[in-house]
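Count the sequence shown with the numbering used here and you get residues 120 to 415, in order.
Cβ atoms here follow ideal geometry from the backbone N, Cα and C, with glycine treated the same way.
Keep in mind that this is a model prediction, so the values were computed, not measured.
What follows is a set of notes on a single structure, which appears directly below.
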Amino acid sequence: MEEFEYYVPTTLEEVIRLLIKFGRAAKLLAGGTDLLVFMRQRRITPTCIIELNKIRDLTAIEEKQEGIFVGACVRLGEIERNSLIRRLFIHVAEAAGNVGSMQIRNLATIGGNICTASPAGDMIPALMVSDAQLHIAGVKGRRIIPITEFFKGPGETRLEETDVLVGIYLPLPKPNTGTAFIKLGVRGAMDISIANVAARVTLNGTLQRVEEVKVALGSVAPTVILSKSVERYLVGASVKEAIERLIEKAADSVMDEVKPITDHRASAQYRRLMAAVLTKRALRIALQRAMEKSML
Ligand SMILES: Cc1cc2nc3c(=O)[nH]c(=O)nc-3n(C[C@H](O)[C@H](O)[C@H](O)COP(=O)(O)OP(=O)(O)OC[C@H]3O[C@@H](n4cnc5c(N)ncnc54)[C@H](O)[C@@H]3O)c2cc1C
């Protein structure tokens, strides 16, 4: 590894000042579980590292009037265990619980998972189906980008050189909503996903019809994708029809939307098939949870 200067600022303003000063030579460090691997492999050679973990604004999970705000430096282990997240966004806790080993989850942050912008990042599909909004601070002040508009390609985001992801806002789910996250990896959670899927299903007031549905798929295209075809099959359908027939059809339809590659983990053909299998399972679990929740 090359030598580098190491800074531990305590405010966002300081971080931005350092980013302006060092420009491309600087890299932000949260848990370091991606950054240090890339540095060891010399895929990046920053001469300035700016650690984010001492900035209070970035490390809290806060309950807001209409949702929750998760600081970018909150560890995935904390997200997995947090009772508020488990109650309102169980699929987000499930995604966090599926990242690597416990040791990795105790270091890795939600912000790092998003900013690495891996097509296989496990948090991204879960956040997408919950309409997550990313709060970003930069030289021109603060701005909000929906997570669906954040990724430009593998490893590429809309963050500028002097931007910091501050946190993620998750709006509260509507009543009668159920969600699920499922990952396929050779060694389960210990492995980067071969494919992963998050689903959200909202039923109408009488629990007879599907009112809204969202499915996001990872590791099957250059960026995580939100399915359009699943909505076409399921929105407005009766729950009975969905269970008996339409979930199967909707899940099969994602095979035409994904653009997987073949790599050392799996072939493109296997990924395409698994995208449909995981979608079917995630939709069934989400629907079941929507019905159970409404009975509480
Ligand atoms: C053994 C192992 C197993 C793994 N398994 C999985 C897995 O199963 N699923 C999975 O999704 N990932 C997995 N990963 C990848 C990794 O753990 C996650 O992507 C992790 O969430 C990254 O978070 P971090 O805090 O460690 O990020 P860092 O390594 O600290 O940072 C990652 C990148 O994001 C940037 N960054 C970090 N925070 C911010 C911020 N607030 N604002 C702007 N930029 C920022 C950094 O500059 C860097 O470019 C694994 C990694 C290892 C080493």
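Around the CB of tyrosine 125, fewer than 16 other CB atoms lie within 10 Å, so the residue is classed as exposed. Per DSSP, glycine 186 is one residue of the beta strand (DSSP E) stretching across 186-190. Excluding five sequence positions before and after aspartate 282, the CB atoms of its chain that fall closer than 6 Å to its own CB belong to Ile255, Gly257, given in chain order.
Shortest Cα-Cα distance from alanine 314 to any of Ala401, Met221, Leu397 involves Leu397.
Between ligand 1 and aspartate 382, a heavy atom-to-CB distance of less than 7 Å is absent. Taking the Cα positions, leucine 406 is about 6 Å away from valine 320. DSSP, read as helix, strand or coil, puts leucine 131 in helix.
Boundaries for alanine 215: no beta strand (DSSP E) harbours it, while the alpha helix (DSSP H) harbouring it runs 209-216, taken from the DSSP string. Note: alanine 245 is not bridge-paired with any residue in the DSSP secondary-structure output. Rounded to whole angstroms, the separation of the alpha carbons of glutamate 170 and glutamate 367 is 46 Å. A distance below 8 Å between beta-carbons, with the five flanking residues on each side excluded, links arginine 224 to the following residues of its chain, in chain order: Arg194, Leu195, Gly196, Glu199, Ala215, Gly216, Val218. Taking one beta carbon from each stretch, the region 377-388 and the region 282-298 have fewer than 3 pairs nearer than 8 Å; the two do not touch. Restricted to the region 337-410, the alpha helix (DSSP H) segments that are unbroken, complete and at least 4 residues in length are 348-353, 366-372, listed in chain order. Judged by DSSP in its simplified three-state form, threonine 166 adopts coil rather than helix or strand. In the three-state scheme derived from DSSP, where H, G and I count as helix and E and B as strand, phenylalanine 157 is classed as helix. In terms of side-chain proximity, the C-beta atom of aspartate 241 is found nearer than 7 Å to a non-hydrogen atom of ligand 1.
Nearest neighbour of isoleucine 404 by Cα position, chosen from Phe270, Met393, Ser237, Thr296, turns out to be Thr296. Distances taken from the Cβ of aspartate 310 to the heavy atoms of ligand 1 include one shorter than 7 Å. Closest option to isoleucine 287, judged by alpha-carbon separation, among Arg306, Val343, Ile264: Ile264. DSSP places threonine 325 outside both helix and strand once states are collapsed to three, so it counts as coil.
The C-alpha of alanine 340 is placed about 16 Å away from the C-alpha of aspartate 371.
Per the DSSP secondary-structure output, phenylalanine 270 pairs in a beta bridge with Thr276.
Membership of arginine 306 in any beta strand (DSSP E) is not indicated, and neither H nor E is assigned to it by DSSP. If you draw a 10 Å sphere on the C-beta of aspartate 375, you find fewer than 16 other C-beta atoms in it, and that means exposed. Judged by their CB atoms, alanine 227 and threonine 178 are not nearer to each other than the 8 Å cut-off. The three-state reading of DSSP puts isoleucine 198 in helix, counting H, G and I together. Between alanine 191 and isoleucine 204, the gap from beta carbon to beta carbon reaches 8 Å or more. Counting of Cβ neighbours within 10 angstroms places alanine 299 among the buried residues, the total reaching 16 or more.
Looking at the backbone, the Cα of glutamate 350 and that of valine 377 are separated by about 15 Å. Residue side-chain check: cysteine 234 places its Cβ nearer than 7 Å to a non-hydrogen atom of ligand 1.
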